[in-house]
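A quick write-up on the structure given underneath.
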Amino acid sequence: RKWETIKSFNDIKFEFFEGIAKITINRPEVYNAFRPETNIEMLEAMDICRERQDICVVVLTGEGDKAFCSGGDQNVKGSGGYIGEDGVPRLNVLDLHKRIRELPKPVIAMVNGYAIGGGHVLHVVCDLTIASENARFGQTGPKVGSFDAGFGSSYLARHVGQKKAREIWFLCKQYTAAEAETMGMVNKVVPLESLEDETVEWCKIMMQRSPMALRMIKRGLNAELDGQRGLMEFAGDATLMFYLMEEAQEGKNAFLEKRDPDFKKYPKFP
Ligand code: 1HA
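Using the UniProt record's numbering, read the sequence shown as starting at 5 and increasing by one per residue.
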């Protein structure tokens with residue numbers, strides 16, 4: 005499988021293969037921990053994934069066979085956030101969470117090792133998770149002076165239930181891939197050597213499905229948790245679909261032709 009580079013970055017690899025975009029956190033020396041620049045790059049990659057018509061599915065993973073992502077880079081954790089090269093503290097991985105949820109295309113976490121702390125949250129916010137047998141899952145916040153009470157908690161609880169979510173966060177234990185699958189936060193576990201094959205297979209199946217149907221399902225499943233913000237995304241897509249109908253075109257045409265619109269001819273479905 006020959007992945008071609010979409011754009012070169014410092015902290016991530018961003019590649020394309022037959023409809024699939026792959027974003028790889030490329031900081032194996034710190035177990036793929038992210039710093040503000042890493043997130044800025046991932047945000048740009050996600051925006052390209054949104055705009056490019058030939059990208060149907062996005063895969064998020066980590067470089068090497070040790071870690072998917074170990075969360076925020078503890079070397080640059082300062083007062084008020086993770087300190088960027090510009091000296092400004094940021095918690096901009098939260099923007100990435102929002103972007104993953106908003107992207108109207110499926111995002112799969114391909115977990116190749118440790119998914120720990122903020123790295124665990126990253127897989128939690130993805131639509132699907134496929135993990136290798138060596139993967140390890142867990143939160144560390146209350147052990148290392150942090151917490152994510154956002155999607156990292158509330159959405160996690162939708163996966164594993166409230167009791168397990170509280171256990172994961174309160175005890176900060178590590179869980180095997182098999183345990184994570186049993187808990188319902190991992191879709192499938194495979195040997196490391198077949199992780200990418202399995203993930204690409206899942207992508208190919210989804211690419212045979214209706215992209216608009218997948219989009220609306222993602223929106224609906226998000227809206228349940230996201231409240232008015234989620235309904236806004238869902239409603240935006242309803243508008244998109246309305247614009248595809250002749251009935252919406254009639255309104256615009258009448259305006260441009262300086263006449264009254266004739267909406268009577270359109271069906272009122274029961
Ligand atoms: O909670 C949030 C946020 C909340 C709200 C809003 C934004 C947030 C943004 C981020 C976060 C967080 O991510 S907080 C949680 C931060 N992460 C951690 O607490 C995980 C730290 N790492 C570990 O617990 C362990 O390293 C490990 C379980 C992933 C692996 O353990 P292991 O196999 O014993 O390896 P270890 O020797 O510890 O790590 C290998 C190398 O990777 C070490 O470097 P070396 O000594 O060989 O030079 C280690 O320092 C480095 N490394 C691992 N994780 C990190 C790291 N370096 C910097 N930052 C890391 N997170």
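A virtual CB, placed ideally from N, CA and C, is assigned to each residue, including glycine.
Residue i Cβ short of 7 Å to the ligand 1HA heavy atom set
i                 : result
tyrosine 35       : yes
leucine 98        : yes
glycine 66        : no
phenylalanine 267 : no
isoleucine 120    : yes
threonine 42      : no
threonine 180     : no
asparagine 116    : no
asparagine 79     : yes
aspartate 241     : no
aspartate 152     : yes
glycine 75        : yes
glycine 84        : no
threonine 28      : no
glycine 88        : no
valine 148        : yes
glycine 91        : no
alanine 135       : no
alanine 169       : no
alanine 113       : no
leucine 95        : yes
alanine 71        : yes
glycine 145       : yes
Given residue i as reference, the closest of the options once Cα atoms are compared
i                : options                          : result
phenylalanine 18 : Arg39, Arg263, Lys102 and Met46  : Met46
glutamate 33     : Lys70, Asp51 and Lys26           : Lys70
methionine 210   : Ile59, Lys11, Ala37 and Ile52    : Ile59
glycine 122      : Pro146, Ser83 and Met220         : Pro146
isoleucine 115   : Glu200, Asp90, Ala217 and Asn257 : The amino acid at residue 115 is misidentified as isoleucine; the sequence shows valine. The residue with the shortest Cα to Cα distance from valine 115 is Glu200.
glycine 23       : Ser12, Arg39, Arg31 and Arg54    : Arg54
glutamate 251    : Phe267, Asp241 and Met245        : Phe267
glutamine 57     : Gly84, Gly88, Ala25 and Leu160   : Ala25
lysine 167       : Phe151, Pro195 and Met187        : Met187
leucine 196      : Gly117, Tyr86 and Arg31          : Gly117
methionine 249   : Tyr270, Glu8 and Gly240          : Tyr270
Proximity of residue i and residue j at Cβ, strictly below 8 Å
i             : j             : result
cysteine 73   : leucine 126   : yes
threonine 28  : glycine 76    : no
histidine 101 : glycine 154   : yes
isoleucine 16 : alanine 49    : yes
proline 108   : arginine 219  : yes
lysine 272    : proline 110   : no
serine 158    : leucine 225   : no
glutamate 237 : glutamate 137 : no
alanine 169   : leucine 160   : yes
alanine 181   : valine 164    : no
alanine 242   : glycine 234   : no
arginine 39   : valine 80     : yes
Neighbourhood of residue i by C-beta distance below 8 Å, restricted to the same chain and skipping five residues each side
i              : result
aspartate 99   : Asn43 and Leu47
isoleucine 112 : Val61, Val62, Val63, Leu64, Cys130, Asp131, Leu132, Thr133, Ile134, Thr203, Trp206 and Cys207
aspartate 51   : Arg103
arginine 5     : Phe21, Glu200 and Val204
glycine 82     : Pro93
glycine 68     : Pro32, Asn36, Asn116 and Gly117
Proximal residues to residue i (C-beta, below 7 Å), its chain only, five neighbours per side dropped
i             : result
histidine 124 : Phe141, Gly142 and Gln143
aspartate 264 : Ala258
lysine 177    : Gly142
valine 190    : Thr133, Ala135, Ala181 and Ala184
Residues of its chain near residue i, where Cβ-Cβ distance is below 6 Å and the 5 sequence neighbours each way are ignored
i                : result
glutamate 119    : Position check: residue 119 holds alanine in this sequence, whereas glutamate was assumed. Closer than 6 Å at the Cβ level, and outside the excluded window around alanine 119, lie Phe72, His127 and Phe141.
phenylalanine 13 : Glu45
glycine 85       : Pro93, Arg94 and Leu95
Interface flag, residue i vs chain D, CB-CB below 8 Å
i         : result
lysine 11 : Absent from the structure is chain D; it holds one protein chain and no more.
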